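For the sequence shown, counting from 1, position 591 maps to 591 in this note's numbering; every step adds exactly one. Ideal Cβ positions, reconstructed from N, Cα and C, are used throughout, including at glycine. Owing to the predicted nature of the structure, the values given are computational and were not obtained by experimental measurement.
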Amino acid sequence: MSLNSEQREAIEYVDGPLLVLAGAGSGKTRVITEKIAHLVRRHGVAVQHIYALTFTNKAAREMSARAAKLLQLAPEDERPQVSTFHALGLKFLQMEHAAAGLRRGFTVLAEDESFAVVKDLAPKSANQDSLFRLRGLISRSKDARLSPEQAATQARSPREHEAAQLYAGYARRLDALGAVDFDDLIARPLDVLEQQPEVAARWQQRIQYLLVDEYQDTNRIQYALIRALLGKRRGLTVVGDDDQSIYAWRGAHPENLSELAREYPELKVVKLERNYRCTPLVLEAANAVIANNSHLFEKRLWNDGDPGEPVLVQELRDETAEADWVASCIANRRTLEATPLHEFAVLYRGNYQARALELSLRALALPYHLSGGMGFFDRQEIKDLLAYLRLLAQPDDDSSFLRALATPKRQIGDTTVERLATAAQQVQRGLFATALQPQLLQSLAPRTARALQEFVQQVQSWQRRAELLRPSVLAQEVWRESGLEAMVQASSRDPALAQRRLQNIAELVKWLKAQERASGLDSLRQVMIQLALSGRDEDDAGNKIRLMTLHGAKGLEFDHVFLVGMEDGILPHQGAIDEGRLEEERRLLYVGLTRARRSVSLSHTRQRLRYGQLESNTPSRFLDELPSQQVQRGQGAQSAKPAEQQKLARAHLADIAALLGGKR
């Protein structure tokens, strides 16, 4: 497909900073990758001096692959530096560890490990929600570039004072571990760039052109990092859409769009308004809704193709009827049109809304994938094995050392661990290196010393093998020899559960093999770094219906989209109604509508079970913003047309005959 005039203008403009306002489905990824190729071919910029930043590893991989294909790069050729902000921050700190005050082999705490540190430091009375809020306040302080002392000075509420006190202990713990968290991957490079001109000059020479995707999702500190990396250069293209800014709750600052215009008075703005995804009727509905928001830059999506199906608004009795209706619609459309199940998505405001949907889909034997549940890398047996592998890759990773030492249980108690930690602080070394010291072993009880020595010697044995074996092979050996496999089999009362947990390890080994093949990662350290940055990516769900939140759906697209729970109090959320924060809720609906390639169905219920009681509902106020001529409204279950009913009946009879062993 050829480029349209606006896409071509965005690609070819290199005379100064550029803001590309890219509406949903307008081909923004193509613009970024084509611009990379244009910079190389037409302007002679070396590929290694072009950097592109985005927010997910999946998007980064896709962009990198597309750019490499456009430039016809061989596997051994240098490539544009396409990564997430955090991956770039990690690369910076690895190269500039001395300038950042870090040792060469510093540890990056995964999110669950960071949370574990907070939990360990917090009062024992703190519950899970309280711990998450405290961790969030620490993260917010880092994004605001506040030291623990500054956070304490600026604290106003009791919760903020508690978080500031916890932040101080958290920072000391990370320093003792020689570790950084994900927030530090942005904050510490920025500190170095602003405080050490010679390092900044080196990086500004390295990055001759910078492209930033999903710019509306950047926070203040990411924006500051962009400016610091560029310096006086004007080689900048940012791509964003203020109508899809839905992450204010995690620090996104859509006002960065206007900040950019103030920072660069010569900023050129190009609007991509032609949509290649949705039908005109869906776009009319989306445009009508989002027109009620205030805008820094006005735009209106359009598509001159076939009008498509009207947006359907359906009223149901309660959440059970709503779920049954959604399941029935999917089953019927699959039968009538042979649509693959992965082309259906059911979107909702909160994860709790999935329960009724799961029951209805199971009743019709429709396979589904529930996003937002426990991730593969969050499973206990996976985390246990990965702790061993991280320790082998990075012996100074104290958090992995402690987890591996404790799992399976050894004759080593908390007192021994405390003594080990004290000794490590005294000699300014990691726990593993300290455990090798004869003085420490001599100070312990003989049985404890023997258990610790055996553990250390076993780790050293695996380290020697790590230099010879592929990561996938080494993982299998560690799983068996560490006692983890025996522990799982002994601790799982249900044999089926034990088998599932063993199968999870087999899947991890399969993933490691895929990394070895696809990315050429042949060292355990390389694989562990990749895992730290990409372990949170969504696994391939296969041919299943997608159930996910509206936040989780951003960046995805499907043939048919169902938006359930279109009621005041759900969408928009009650908190947003009470606090007057309706614009972001409206953007959530806009994002949901523009995920659809062929059809959108919205549903609301007359009553819904809440806290054990049925409550009457008010339809979402956003439904009144839909254009009446583009919307089909109904009540109760919809019936198929006569011809469709006959086709469905024949299909159902054929299914029954197949089950009975008959012929169609």
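Under the DSSP assignment, Lys268 falls outside any alpha helix (DSSP H), being part of the beta strand (DSSP E) whose first and last residues are 268–272. The beta carbon of Leu402 is closer than 8 Å to those of Val417, Leu431 in its chain, skipping five residues each way along the sequence. For Val117, the uninterrupted alpha helix (DSSP H) run begins and ends at 111–121, by DSSP. Scanning Leu137, Arg355, Leu386, Gln489 for the CA closest to the CA of Arg250 turns up Leu137. In this structure, DSSP gives Glu194 a helical state, which the three-state scheme calls helix.
Following the DSSP letters along the chain, one finds Leu73 in no alpha helix (DSSP H), marked with neither H nor E. Separation of the CB atoms of Leu281 and Pro254 is rounded to 28 Å, and the pair is thereby denied contact status at 8 Å. Between Leu623 and the set Leu531, Ser601, Leu193, the nearest pair of CA atoms involves Ser601. DSSP links Ala151 through a beta bridge to no other residue.
Three or more Cβ pairs closer than 8 Å define a contact, and the segment 78–90 falls short of that threshold against the segment 167–178.
Fully contained in the segment 274–335 are the following beta strand (DSSP E) runs of length 3 or more, in chain order: 311–316. When the Cα atoms are used, Gly565 and Ser371 turn out to be separated by approximately 18 Å. With a cutoff of 7 Å on beta-carbon distance, Val108 and Val192 are scored as not near each other.
Sixteen is the threshold: when 16 or more other Cβ atoms of the shown chains lie within 10 Å of the Cβ of His604, as they do, the residue is buried. Annotation for Ile246: no beta strand (DSSP E) segment contains it, and DSSP assigns it neither H nor E. Judged by their CB atoms, Ala596 and Cys278 are nearer to each other than the 7 Å cut-off. Taken in chain order, the complete alpha helix (DSSP H) segments of 4 or more residues contained in the segment 541–624 are 550–553, 574–579, 582–593.
For Ser628, no alpha helix (DSSP H) run applies, since DSSP gives it neither H nor E. The closest CA to that of Val269, considering only Leu257, Arg103, Gly569, is found on Leu257. Ranked by Cα distance from Ala261, the first of Glu454, Asp120, Leu21, Asp378 is Leu21. A residue is called buried when at least 16 other Cβ atoms come within 10 angstroms of its Cβ; Val40 meets this threshold and is buried.
Note on the segment 25–59: whole alpha helix (DSSP H) runs with a minimum of 4 residues are 28–43, in chain order. Here DSSP, grouped into helix, strand and coil, assigns Thr448 to helix. For Phe344, the enclosing beta strand (DSSP E) begins and ends at 344–348. Here Leu484 really is in contact with Asp384; their C-beta atoms are around 6 Å apart, less than 8 Å. Residues Ala345, Arg595, Ala596, Val600 of the same chain have their beta carbon placed closer than 6 Å to that of Val561, with the five preceding and five following residues left out of the count. Of all alpha-carbon atoms in Gln442, Glu481, Leu563, Arg501, the one lying nearest the alpha-carbon of Gln489 is that of Arg501. By the CB criterion at 7 Å, Leu524 and Ala466 fall inside the cutoff. It is roughly 11 Å from the alpha-carbon of Ser620 to the alpha-carbon of Ile577. Relative to the Cα of Arg447, the nearest Cα in the group Gln437, Gly413, His38, Lys142 belongs to Gly413. Between the segment 584–592 and the segment 354–363 there are fewer than three C-beta pairs closer than 8 Å, too few to call the two in contact. Rounded to the nearest whole angstrom, the C-alpha separation of Pro395 and Leu468 is 17 Å. Per DSSP, Gly251 lies in no alpha helix (DSSP H) and is assigned neither H nor E. Counting only residues of its own chain and dropping the five nearest sequence neighbours on each side, Leu582 has a CB closer than 7 Å to the CB of Pro572, Ala576.
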